[in-house]
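To convert, take the position in the sequence shown, counting from 1, and add 108; that gives our numbering.
Below you'll find the structure, written out as structure tokens, and then a few comments.
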Amino acid sequence: MILVTGGAGFIGSHLVDTLLAAGQEPVVLDNLASGDRENLPNGTKLMEMDIVDAGVVEAMAELKPEVVIHAA
109 MILVTGGAGF IGSHLVDTLL AAGQEPVVLD NLASGDRENL PNGTKLMEMD IVDAGVVEAM
169 AELKPEVVIH AA
């Protein structure tokens, strides 16, 4: 699984599109401060939280991503 931080922003959402086209199922972590849910294709899993939130550590432990792309 690939986690994309900032995945609802301009650059991050294009990364998500590319990953989906390659057959991946990325998970997006974004606080939507400058990104927009509308930038994501329907069905994309969005975790709405800030990268500095304490809950991110728990989320990472639960998801166990193989790759993290940091675009936040």
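Even glycine gets a Cβ: it sits at the ideal position worked out from N, Cα and C.
Treat the numbers as computed from the prediction; the structure is a model and nothing was measured.
C-alpha gap between residue i and residue j, whole angstroms
i: Asp125; j: Leu148; result: 8 Å
i: Lys153; j: Asn139; result: 13 Å
i: Ala179; j: Met157; result: 14 Å
i: Gly120; j: Ala167; result: 19 Å
Reduced DSSP category for residue i - H, G, I as helix; E, B as strand; rest coil
i: Val160; result: coil
i: Asp138; result: strand
i: Thr113; result: strand
i: Leu148; result: coil
Contact belief for residue i with residue j at Cβ below 8 Å, rounded distance in angstroms
i: Ile159; j: Leu137; result: 7 Å
i: Gly114; j: Gly143; result: 6 Å
Closest by C-alpha distance to residue i, when choosing among the options
i: Leu171; options: Ala179, His178, Met155; result: Met155
i: Gln132; options: Ala162, Ile177, Met109; result: Met109
i: Gly117; options: Glu146, Ala167, Val176, Val164; result: Glu146
i: Pro173; options: Ala162, Pro134, Gly163; result: Pro134
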